[in-house]
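Top line first, the protein sequences correspond to chains A and B. With the first letter of the first sequence counted as 1, position 10 gets the number 148 in my numbering; the numbers rise by one all the way through. With the first letter of the second sequence counted as 1, position 12 gets the number 188 in my numbering; the numbers rise by one all the way through. Using N, Cα and C, we set each Cβ at its ideal position, and we do this for glycine too. No experiment lies behind these values; they were computed from the predicted model shown. Below is one structure; the comments refer to it alone.
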Amino acid sequence: VLPQPPLPAFFTGA
Amino acid sequence: MFEARLIQGSLLKKLVDAIKELCTEVNWDISNSGINMQSMDGSHVCLVAFNLRADGFDHFRCDRPLTLGINLGNLAKILKCSGSNDIITMKADDNGDTLTLMFESEKQDRITDVDLKLMSIESEHLGIPDQDYSAETSMPSSEYQRIVRDLSSIGDTVNISATKEGIKFSAMGDIGTANITLRQTSSADKEEENVKIEMKEPVLLTFALRYLNNFAKATPLSSTVQVFLTKDLPVQVNYNIQDLGYVKYYLAPKIEE
């Protein structure tokens with residue numbers, strides 16, 4: 139099962 | 177003072193139904209350009225954003241920017257009291273702690289008004305960069321709904337790959353494997369029934385089907401859906417709401433460690 143990284147790892151804070 | 181009147185009130189009901197299971201407590205940002213929301217789901221794996229443009233409303237007034245903290249489950253309960261052809265008006269005072277919703281029947285012979293208690297919600301705002309997508313697909317929203325539903329009976333995750341051949345959805349599970357490939361079409365009677373694929377580079381990504389299925393709750397809002405795939409980045413699933421705005425979902429891909 140592949141791990142599921144959280145979204146903030148991809149998008150920066152505004 | 178905020179006031180917004182939506183003739184096609186059912187759109188608001190459909191919108192709330194499309195997002196309430198992913199996000200329970202959210203802030204709606206109101207300005208004179210319209211209503212915006214951005215919220216991550218509880219597990220911080222996906223993000224839901226919508227925009228309702230002021231000019232999509234029959235009447236829209238917002239004297240100063242407001243943030244309304246809303247429990248979407250409670251709002252959905254209230255919207256259940258509206259009829260499918262009702263006109264919906266929302267109102268809030270600048271420093272108030274309620275959102276007033278008014279439902280008028282088509283003939284305007286029955287009027288319901290309900291005050292929803294607002295709450296103070298701390299929320300993070302994510303900056304989403306403009307991305308150069310590897311592949312952009314437009315398809316009937318019913319087709320997307322069917323693909324993610326059908327593959328959910330096979331496995332928990334789906335590999336989505338875009339190549340010259342088309343866009344392929346593959347699931348694997350204990351009972352076996354399944355692949356669904358969509359090819360570009362141009363022969364449908366209506367433009368929105370076609371599958372369109374614009375590919376810059378081949379791409380393969382893996383996603384949790386549970387979330388992709390949840391996004392399909394927006395199907396009643398739009399006849400088409402756009403799926404944007406970018407190497408190593410979250411997928412964007414985009415439903416345009418005709419003459420009013422959009423709802424967009426972003427889901428982080430599963431990655432090899």
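Residue interval of the alpha helix (DSSP H) (run including residue i)
i	result
Lys256(B)	Counting along the chain, Lys256(B) falls outside any alpha helix (DSSP H), and DSSP gives it neither H nor E.
Pick from the options that is closest to residue i, judged by C-alpha positions
i	options	result
Asp239(B)	Ile206(B), Ser281(B), Asn227(B), Pro305(B)	Ile206(B)
Asp306(B)	Gln321(B), Val411(B), Phe383(B)	Val411(B)
Cys199(B)	Ile254(B), Ile246(B), Asn227(B)	Ile246(B)
His301(B)	Asn203(B), Ala364(B), Glu282(B), Asp193(B)	Asn203(B)
Asp231(B)	Met278(B), Ile254(B), Asn414(B), Glu179(B)	Glu179(B)
Ile263(B)	Leu380(B), Glu377(B), Ile297(B), Gln184(B)	Gln184(B)
Ile211(B)	Phe236(B), Ala194(B), Tyr320(B)	Phe236(B)
Met375(B)	Gln360(B), Glu368(B), Glu369(B)	Gln360(B)
Thr274(B)	Ile254(B), Asp308(B), Leu228(B)	Ile254(B)
Under the three-state DSSP convention, the category residue i falls into
i	result
Ser328(B)	helix
Asp308(B)	coil
Val139(A)	coil
Pro316(B)	strand
Ser186(B)	helix
Gln412(B)	strand
Asn208(B)	coil
Leu248(B)	helix
Ala347(B)	strand
Ala194(B)	helix
Ala428(B)	coil
Ile323(B)	helix
Leu145(A)	helix
Glu201(B)	strand
Ile297(B)	coil
Glu179(B)	strand
Element boundaries [beta strand (DSSP E), containing residue i]
i	result
Ala364(B)	Per DSSP, Ala364(B) belongs to no beta strand (DSSP E) and is neither H nor E.
Gly272(B)	Gly272(B) -> no beta strand (DSSP E), and no H or E assigned at all.
Lys293(B)	287–293
Ile263(B)	263–268
Thr339(B)	333–339
Ile494(B)	Since the first residue shown for chain B is 177 and the last is 433, residue 494(B) is missing from the structure and cannot be characterised.
Lys154(B)	Outside the displayed range of chain B (177 to 433) lies residue 154(B), so it cannot be described from this structure.
Completely contained alpha helix (DSSP H) runs for the stretch 372–405 of chain B, where each covers 4 or more residues: Qualifying alpha helix (DSSP H) stretches, in chain order: 385–391.
Write down every uninterrupted run of the beta strand (DSSP E) in the stretch 217–243 of chain B whose length is 3 residues or greater and which is fully enclosed by it, in chain order. Fully enclosed beta strand (DSSP E) runs of 3 or longer: 222–229, 235–238.
Using a Cβ-Cβ cutoff of 9 Å, what residues of the stretch 393–424 of chain B are near chain D? List them in chain order. Considering every chain present, this structure includes no chain D. Its protein chains are A and B.
Touch test, the stretch 416–429 of chain B against the stretch 221–228 of chain B, Cβ-Cβ under 8 Å, three pairs minimum: Judged by pairs of C-beta atoms under 8 Å, the stretch 416–429 of chain B touches the stretch 221–228 of chain B, as three or more such pairs exist.
Would you call the stretch 317–333 of chain B and the stretch 284–291 of chain B touching, i.e. three or more CB-CB distances under 8 Å? Cβ pair count under 8 Å is below three, so no.
Below 8 Å, can you find three or more Cβ-Cβ pairs linking the stretch 185–194 of chain B to the stretch 255–262 of chain B? Inter-segment contact for the stretch 185–194 of chain B and the stretch 255–262 of chain B is present: three or more beta-carbon pairs are separated by less than 8 Å.
Inter-stretch contact at 8 Å, needing at least 3 Cβ pairs: the stretch 392–401 of chain B / the stretch 413–421 of chain B: Flag = yes, the stretch 392–401 of chain B and the stretch 413–421 of chain B touch.
Across the stretch 378–392 of chain B and the stretch 351–369 of chain B, are there enough close Cβ pairs to call them in contact, namely three or more that are closer than 8 Å? Fewer than three pairs of CB atoms, one per stretch, sit closer than 8 Å, so the stretch 378–392 of chain B makes no contact with the stretch 351–369 of chain B.
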